[in-house]
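A.B. asks: Please see the structure below; I have some questions.
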Amino acid sequence: MIVLASSSTYVQYVMDSVAYGSLFALMALSLSLLFGVMGLMNFAYGELIGIGAYTMFYTERYGWFVMVLATFATVIIGALLMEFVAFRPVRHASPSTLLITSFALSIGLQKFAYMVFPPGSPRTVEPIPWLTNQFQVKGVLFSRLEILTWIVTIVLLVGMVLLLKRTALGVQLRASTEDFRMAQLVGVKANWVISSAFAITGFLAAAVTILYMLNHGDVRPNVGQGPLLIAFVGVVIGGLGSLGGAALGGFTLGVVINILSATLPRSIQGHTLMFAFLLVILMLVFQPNGLMGSIEKLRRKRVAQEVPRVAEEPAS
Amino acid sequence: MSAAYARAEGALRTVWTPLVLCSFMVLIWLVITQIVNQVFYNDEAEKYFLRLLIVLALQMFSGNSGILSFGQVAFVAVGAYTSALLTIPTAIKQFTFLSMPHLLKDWVFPAQFNALEGTIAGGVAALVVAMVFGIPIVRLVGVAAGIATLAILVAMNVFIQQTSSITRGTSTMIGVPQTTTMRTTLLWVMLAIVVAYFFKQSRNGLRLRASRENDRAARSVGVHVARERYIAFALSGFVCGLIGALYGHYFITFSYLDFYFDLTFLTIAMLVVGGMGSVSGAVVGTSFLTVIYVFFQRFEVNGIAGATVPSGTADVVMAVALLIALILRPKGLTAGREIPWPGDWRWLQRTRQPQAPPAAQAPSAE
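The listed protein sequences correspond, in order, to chains A and B. For the first sequence, this note's numbering begins at 1 and goes up steadily by one. For the second sequence, this note's numbering begins at 1001 and goes up steadily by one.
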């Protein structure tokens, strides 16, 4: 791919990109979970990161353990409140209405943050030197934060897989993703499943927030918007509603963006995101099921051929 | 009743809604400029007209097709920048756009358009961009369309921000002549109301609304849904471009930040609160939210009975208003109805009959 780069620079790009991509994999996964369960593309997810960032800023002085705990607590509570206040009343509305609702919630929370935390004195989360200091191994720069990001991502992804495959809640979540109404008919409690999905979203968001903020530091009301938009793209590339696809899509996109912004000529480097978003439009038209969706479709077709049809699909 | 009278009534009924809405606009203009005539309210009225124009443009596409677009503000930006480039005096352009590519330079620098020419040029540029983006957009529905239009907005924003040789990037545009007056904006608003209403009533508008209600049924009677959407999208893009030019020539200095989420949110909130389905809805929503917004802004600055609210309340109230509307009245204040003909209460009686069409709303909801 890159002939000019020496092998250590090459490894460096890959290492940085993997850490960067992991965060988007986690974000895309949680967005996709909510989309699957209730058809909600959650704009307000960025504000969960915002909530987490402000919590980190205010609890930092009490030590990292308190900070991590407080961040998880506020973000999960924030996610559950979001569901209860804004999304529960419109649960049965169409996905596009849900999208507008989350848009309104997102902007509302941002404006609220501007109101409560007026701009002026810049707020930053101080980096923890033990984590962010870089050390060199054979010409490749590492930081413990990068390694921590990989570990957390892998642990959370494995945890999610176990949760989805091995627990009753996981089965209910997957069933609701397949067909929400049918799942309710066979006894899945809608409130329980949706609240759990939001709680999981909050949990992942808190982890993302901590890893992201330790690296970026700058706390602003719209701090979550930038990463959210990239994660949106990741979800689309992975396929709307496909959990594995979203994680893969988010990861791939993060890696590609990071590599592009390091290797593109300087004159068009800034346009990387523009290309990503134009790609989304094309992807939605030509490959709406995303990378994973196409594979999934093939698998289902095969399953459908093996199992004889018992009922006609209802006309929508 | 004589035949001539019936014909006159029929003609009046046809133009009733735009007539009432336009009269309302003239009334607002008269009250603000002739009776109130304070700088603050003149300014707010001008902003109201400009926002209403965007909401009307949004209604032309989203209201009729049922596909909410987050991307129309991108076309507003195209109009604003195009018109600015073509109307800024040559002497200023020579030192503000030092790094513009020669190909464009030779053509843009000598251009000295007047206000109307600049506005039309802005519209045409936005039309071209909308016609390109329209090709994929019209094939999508629901969340996919929402994300794709959002992608237009973000991609355009990144483009403006990063292409500093043409758009001055993160710096503001300077030297744009101030040519937009309240009277010209008023004329454009009335024109937009007429265009939006008659587009809705036109053959294309009817087909598009049919596809909004039931996509498959519309296809089955031969409606080419993608084509109808494309026409509406292009029309809306053109109007957005015109508005962008007016916008630029009113605010004189603007940057990429002026055409992003804030403006998108405000206009979508206004359209949804008023009711996407009708032109009256666009006007009602914009008027309603503007009144609330200005009220809270005054509350922040001057206070009422000695009490003030923290600055930024007005923005939060907008978001809360949209959330409440989505929860309580998802079809908006007008629920897709236009201005009723006076004394014509048939729509009211129809809802009482058992075979009432399900689309008709309860009259108490007005």
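Yeah, the Cβ is synthetic: ideal placement off N, Cα and C, and Gly gets one too.
Is any beta-carbon of chain B found at less than 9 Å from that of residue 253 (chain A)?
C.D. replies: Along the first sequence, one-based indexing puts residue 253 (chain A) at 253. Cβ-Cβ to chain B under 9 Å: no for residue 253 (chain A).
A.B. asks: Taking the CB atoms as reference points, tell me whether residue 1250 (chain B) and residue 1030 (chain B) lie closer together than 9 Å.
C.D. replies: The sequence position of residue 1250 (chain B) within the second sequence is 250, counting from 1. The sequence position of residue 1030 (chain B) within the second sequence is 30, counting from 1. Cβ distance not < 9 Å, so residue 1250 (chain B) and residue 1030 (chain B) don't count as in contact.
A.B. asks: Which residues in chain A sit within 7 Å of residue 1315 (chain B), going by Cβ to Cβ distance?
C.D. replies: Walking along the second sequence from the start, residue 1315 (chain B) turns up at place 315. Those are 111, listed as they occur along chain A.
A.B. asks: Unbroken alpha helix (DSSP H) runs of length 4 or more, entirely within the region 1077 to 1153 of chain B: which are they?
C.D. replies: Within the region 1077 to 1153 of chain B, the complete alpha helix (DSSP H) runs of at least 4 residues are 1090 to 1096, 1102 to 1108, 1115 to 1137.
A.B. asks: Assuming residue 1277 (chain B) and residue 1284 (chain B) form a contact by the criterion Cβ under 8 Å, report the distance between their Cβ atoms to the nearest whole angstrom.
C.D. replies: Here residue 1277 (chain B) refers to the residue found at position 277 of the second sequence. Here residue 1284 (chain B) refers to the residue found at position 284 of the second sequence. Contact doesn't hold; Cβ gap of about 12 Å is too wide.
A.B. asks: Report the rounded CA-to-CA distance for residue 176 (chain A) versus residue 1131 (chain B), giving the unit in angstroms.
C.D. replies: As a first step, residue 176 (chain A) is located in the first sequence; it is residue number 176 there, counting from the start. As a first step, residue 1131 (chain B) is located in the second sequence; it is residue number 131 there, counting from the start. Approximately 39 Å, taken between the alpha carbons.
A.B. asks: How long is the line joining the alpha carbons of residue 1298 (chain B) and residue 1177 (chain B), rounded to whole angstroms?
C.D. replies: Here residue 1298 (chain B) refers to the residue found at position 298 when the second sequence is read from its first residue. Here residue 1177 (chain B) refers to the residue found at position 177 when the second sequence is read from its first residue. C-alpha separation (whole angstroms): 30 Å.
A.B. asks: Is it true that the region 282 to 291 of chain A meets the region 266 to 273 of chain A, where meeting means three or more beta-carbon pairs spaced less than 8 Å apart?
C.D. replies: In short, these stretches do not touch, since the Cβ pair count stays below three.
A.B. asks: Would you report the Cα separation of residue 1139 (chain B) and residue 1226 (chain B), rounded to the nearest angstrom?
C.D. replies: Reading the second sequence from its first residue, position 139 is the one you call residue 1139 (chain B). Reading the second sequence from its first residue, position 226 is the one you call residue 1226 (chain B). Their Cα atoms are separated by approximately 6 Å.
A.B. asks: Thinking C-beta only, is residue 1119 (chain B) closer than 9 Å to residue 1175 (chain B)?
C.D. replies: The sequence position of residue 1175 (chain B) within the second sequence is 175, counting from 1. The sequence position of residue 1119 (chain B) within the second sequence is 119, counting from 1. Their beta carbons are not under 9 Å apart, which means residue 1175 (chain B) does not touch residue 1119 (chain B) by this criterion.
A.B. asks: Taking only runs of the beta strand (DSSP E) that begin and end inside the region 38 to 98 of chain A, which ones reach a length of at least 3 residues, in chain order?
C.D. replies: Counting only runs of 3 or more, we get nothing.
A.B. asks: Determine the direct distance from the alpha carbon of residue 165 (chain A) to that of residue 109 (chain A), and round the result to whole angstroms.
C.D. replies: To locate residue 109 (chain A), count along the first sequence from 1; it is residue 109. To locate residue 165 (chain A), count along the first sequence from 1; it is residue 165. Near 35 Å, if we compare the C-alpha coordinates of residue 165 (chain A) and residue 109 (chain A).
A.B. asks: List, in chain order, every chain B residue whose beta-carbon is nearer than 8 Å to that of residue 103 (chain A).
C.D. replies: Walking along the first sequence from the start, residue 103 (chain A) turns up at place 103. Neighbours of residue 103 (chain A) on chain B, chain order: 1070, 1265, 1268.
A.B. asks: Three Cβ pairs or more, each shorter than 8 Å: is that satisfied between the region 1211 to 1224 of chain B and the region 1026 to 1043 of chain B?
C.D. replies: Too few Cβ pairs lie closer than 8 Å, so no.
A.B. asks: Below 8 Å on the Cβ atoms is my guess for residue 1025 (chain B) versus residue 1189 (chain B); work out the distance and round it to an integer in Å.
C.D. replies: Working through the second sequence from its first residue, we reach residue 1025 (chain B) at position 25. Working through the second sequence from its first residue, we reach residue 1189 (chain B) at position 189. Correct: roughly 6 Å between the Cβ atoms.
A.B. asks: Out of curiosity, what's the CA-to-CA distance linking residue 1156 (chain B) and residue 278 (chain A)?
C.D. replies: Within the second sequence, the letter at position 156 stands for residue 1156 (chain B). Within the first sequence, the letter at position 278 stands for residue 278 (chain A). Straight-line Cα distance between these residues: approximately 10 Å.
A.B. asks: So the alpha helix (DSSP H) residue 1171 (chain B) belongs to, where does it begin and stop?
C.D. replies: As a first step, residue 1171 (chain B) is located in the second sequence; it is residue number 171 there, counting from the start. No alpha helix (DSSP H) holds residue 1171 (chain B); DSSP gives it neither H nor E.
A.B. asks: Can you give the beta carbon distance from residue 80 (chain A) to residue 202 (chain A), rounded, assuming they're within the 8 Å contact cut?
C.D. replies: Counting from 1 along the first sequence, the entry for residue 80 (chain A) is found at position 80. Counting from 1 along the first sequence, the entry for residue 202 (chain A) is found at position 202. That belief holds up - the Cβ atoms of residue 80 (chain A) and residue 202 (chain A) are roughly 7 Å apart, short of 8 Å.
A.B. asks: How would you list, in chain order, the residues of chain A whose beta-carbon sits under 8 Å from the beta-carbon of residue 1326 (chain B)?
C.D. replies: The residue labelled residue 1326 (chain B) in the question sits at position 326 within the second sequence. Within 8 Å Cβ-Cβ: 90, 93, 97, 100, 101, 104.
A.B. asks: Helix, strand or coil, according to DSSP, for residue 1211 (chain B) in the structure here?
C.D. replies: As a position in the second sequence, residue 1211 (chain B) is number 211, starting the count at 1. If DSSP states are grouped into helix, strand and coil, residue 1211 (chain B) belongs with the helices.
A.B. asks: What is the DSSP secondary structure of residue 1181 (chain B), counted as helix, strand or coil?
C.D. replies: In the second sequence, residue 1181 (chain B) corresponds to position 181, counting from 1. Residue 1181 (chain B): coil per DSSP, three-state reduction.
A.B. asks: Between residue 1135 (chain B) and the rest of its own chain, which residues show a CB-CB distance below 6 Å, the 5 nearest in sequence each way excluded?
C.D. replies: The residue you call residue 1135 (chain B) lines up with position 135 of the second sequence. Cβ within range, chain order: n/a, list empty.
A.B. asks: Inspect the CB distances between the region 1162 to 1176 of chain B and the region 127 to 146 of chain A and report whether three or more fall short of 8 Å.
C.D. replies: Touching, no.
A.B. asks: State the Cα-Cα distance for the pair residue 153 (chain A) and residue 87 (chain A), rounded to the nearest angstrom.
C.D. replies: Here residue 153 (chain A) is taken as the residue at index 153 of the first sequence, counted from 1. Here residue 87 (chain A) is taken as the residue at index 87 of the first sequence, counted from 1. Roughly 28 Å separates the two Cα atoms.
A.B. asks: Hey, is residue 45 (chain A)'s beta-carbon within less than 9 Å of any beta-carbon in chain B?
C.D. replies: Numbered from 1 along the first sequence, position 45 holds the residue referred to as residue 45 (chain A). No, because no Cβ of chain B sits closer than 9 Å to the Cβ of residue 45 (chain A).
A.B. asks: With 16 other CB atoms within 10 Å as the buried threshold, where does residue 222 (chain A) fall?
C.D. replies: Translated into the one-based positions of the first sequence, residue 222 (chain A) becomes position 222. Residue 222 (chain A) comes out buried.
A.B. asks: Residue 1147 (chain B) touches chain A at which residues, Cβ-Cβ below 9 Å?
C.D. replies: As a working mapping, residue 1147 (chain B) is identified with position 147 in the second sequence. Simply 41, 99, 232, 233, 235, 236, 240, 280, 281, 284.
A.B. asks: So the alpha helix (DSSP H) residue 223 (chain A) belongs to, where does it begin and stop?
C.D. replies: Counted from its first residue, the first sequence places residue 223 (chain A) at position 223. Careful: residue 223 (chain A) lies outside any alpha helix (DSSP H) and carries neither H nor E.
A.B. asks: Suppose the cutoff is 6 Å on Cβ atoms and the five residues either side in sequence are ignored; what does the same chain contact list for residue 190 (chain A) look like?
C.D. replies: Translated into positions along the first sequence, residue 190 (chain A) becomes position 190. Once the five neighbours on either side are set aside, the close Cβ partners of residue 190 (chain A) are 184.
A.B. asks: Taking the straight line between their C-alpha atoms, what separation do you get for residue 28 (chain A) and residue 22 (chain A)?
C.D. replies: In the first sequence, the residue the question calls residue 28 (chain A) occupies position 28. In the first sequence, the residue the question calls residue 22 (chain A) occupies position 22. Near 10 Å, if we compare the C-alpha coordinates of residue 22 (chain A) and residue 28 (chain A).
A.B. asks: Tell me whether the beta-carbon of residue 1032 (chain B) lies closer than 9 Å to the beta-carbon of residue 1182 (chain B).
C.D. replies: In the second sequence, residue 1032 (chain B) corresponds to position 32, counting from 1. In the second sequence, residue 1182 (chain B) corresponds to position 182, counting from 1. Contact: yes.
A.B. asks: Can you check DSSP and say which residues form a bridge with residue 1304 (chain B)?
C.D. replies: Here residue 1304 (chain B) corresponds to residue number 304 of the second sequence, with the count starting at 1. DSSP, once it has assigned bridges, lists B:1307 as partnering residue 1304 (chain B).
A.B. asks: Counting Cβ pairs, one atom from each stretch, are 3 or more of them under 8 Å apart for the region 99 to 117 of chain A and the region 1308 to 1322 of chain B?
C.D. replies: These segments touch.
A.B. asks: I'd like to know whether the C-beta of residue 1319 (chain B) is nearer than 9 Å to at least one C-beta of chain A.
C.D. replies: The count along the second sequence starts at 1 and reaches residue 1319 (chain B) at position 319. So yes, residue 1319 (chain B) belongs to the interface.
A.B. asks: Cutting at 7 Å between CB atoms, please list the residues of its own chain near residue 1234 (chain B), excluding the five before and the five after it.
C.D. replies: In the second sequence, residue 1234 (chain B) corresponds to position 234, counting from 1. Contacts found: 1127, 1130, 1131, 1134.
A.B. asks: Is the region 1087 to 1097 of chain B touching the region 1194 to 1214 of chain B in the sense that three or more CB pairs, one from each, lie closer than 8 Å?
C.D. replies: As far as the Cβ criterion goes, the region 1194 to 1214 of chain B does not touch the region 1087 to 1097 of chain B, which means the pair count is below three.
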